[in-house]
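Asker: One structure, as structure tokens, below. Some questions next.
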Amino acid sequence: MTSTANQLITSLNFARSEAVKRGKIVVVRKSGTNWEDGWQVFVDIDRSSSSNTNAFNDDGDNNLCEANEDCNLRIYEPLPTNFTLRANNFSTYISYSPTGESNTFGSFAICDNSDGNNIPERGTAKQIIVNTVGRVRLGQDANSDGIPDGLTSCTSP
């Protein structure tokens, strides 16, 4: 659970820093129907928020992009079976501008939903929050019950 949360946090921070470094919009977009199906981070030249031409360079340096095309920076594999990863304000994607700001704020819920009840339980859920300026943090657990504060469902953070 922790490594999965860290992977998402890392990818969001990576997208934010790449947007600032490159002076271009960088998008984190889910690869399938749900976020747990995996996601990709790419430079969004045409500002469509969908990866269009996304080409990797054959030399293995995925950080080089052609000036006129979208470019994949990283692709993340699907999460383990029974894990859910859902977002409230990022139904399909989150983008970062060259200033490092995200297109919106919201949160993600990651759950080990092995029992299929879609309810976060002690030690089986993490919440990742993106604030109004694009910064990412883990949700708090002020009462130490093992469930992030305010997280009541694994399917809608």
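Numbering (the UniProt record's numbering), first residue to last: 1 to 157. Each residue gets a CB set at the ideal place from its N, CA and C atoms; glycine is no exception.
If you reduce the DSSP assignment to three classes, tell me which class residue 174 lands in.
Answerer: Outside the shown range of the chain, which is 1 to 157, sits residue 174, and nothing can be said about it.
Asker: With a CB to CB cut of under 7 angstroms and the five nearest residues on each side skipped, what residues in its chain are close to Gly32?
Answerer: The answer, listed in chain order, is Gly38.
Asker: So Arg122 and Phe108 are in contact, right, with Cβ under 8 angstroms, and what is the actual spacing, rounded?
Answerer: With 8 angstroms as the limit, Arg122 and Phe108 do not qualify as a contact, their Cβ atoms being about 19 angstroms apart.
Asker: Can you tell which of Asp112, Lys30 and Thr4 has the C-alpha that lies nearest to the C-alpha of Ser95?
Answerer: Of the residues Asp112, Lys30 and Thr4, the one whose Cα lies closest to the Cα of Ser95 is Lys30.
Asker: Where in the UniProt domain "General secretion pathway GspH" (4–134) do unbroken runs of the alpha helix (DSSP H), each at least 4 residues long, occur, reported from the N-terminal end onward?
Answerer: none
Asker: Quick check on Val43: buried or exposed, where buried means 16 or more other Cβ atoms within 10 Å of its Cβ?
Answerer: With 16 or more Cβ atoms within 10 Å of its Cβ, Val43 is classed as buried.
Asker: Between Asp145, Thr104, Glu101 and Thr84, which has its C-alpha nearest Asp115's C-alpha?
Answerer: Thr84
Asker: For Thr155, name the three-state secondary structure that DSSP assigns.
Answerer: coil
Asker: Taking the straight line between their C-alpha atoms, what separation do you get for Cys15 and Cys71?
Answerer: In the sequence under discussion, the amino acid at residue 15 is Ala, which differs from the Cys named in the question. Cα-Cα distance, rounded: 12 angstroms.
Asker: CA-CA distance, Val20 and Ile119?
Answerer: 37 angstroms
Asker: Nearest CA to the CA of Asn82: which residue from Ile75, Cys111 and Ile45?
Answerer: Cys111
Asker: Please tell me whether Pro80 has its Cβ less than 8 angstroms away from any Cβ of chain D.
Answerer: Note that chain D does not occur in the displayed structure, where there is just one protein chain.
Asker: Near Gly60, what residues of its chain come up, given a Cβ to Cβ distance below 7 angstroms and the 5 sequence neighbours on each side ignored?
Answerer: For Gly60, the pLDDT reaches just 45, beneath the cut-off of 50, and the residue's location in the model is therefore unreliable, although a value from the coordinates is still provided. Within the same chain, no Cβ atom closer than 7 angstroms to the Cβ of Gly60 is found once the five residues on either side in sequence are excluded.
Asker: Can you give the beta carbon distance from Cys154 to Asn103, rounded, assuming they're within the 8 angstroms contact cut?
Answerer: Contact flag wrong, Cβ pair sits at about 24 angstroms.
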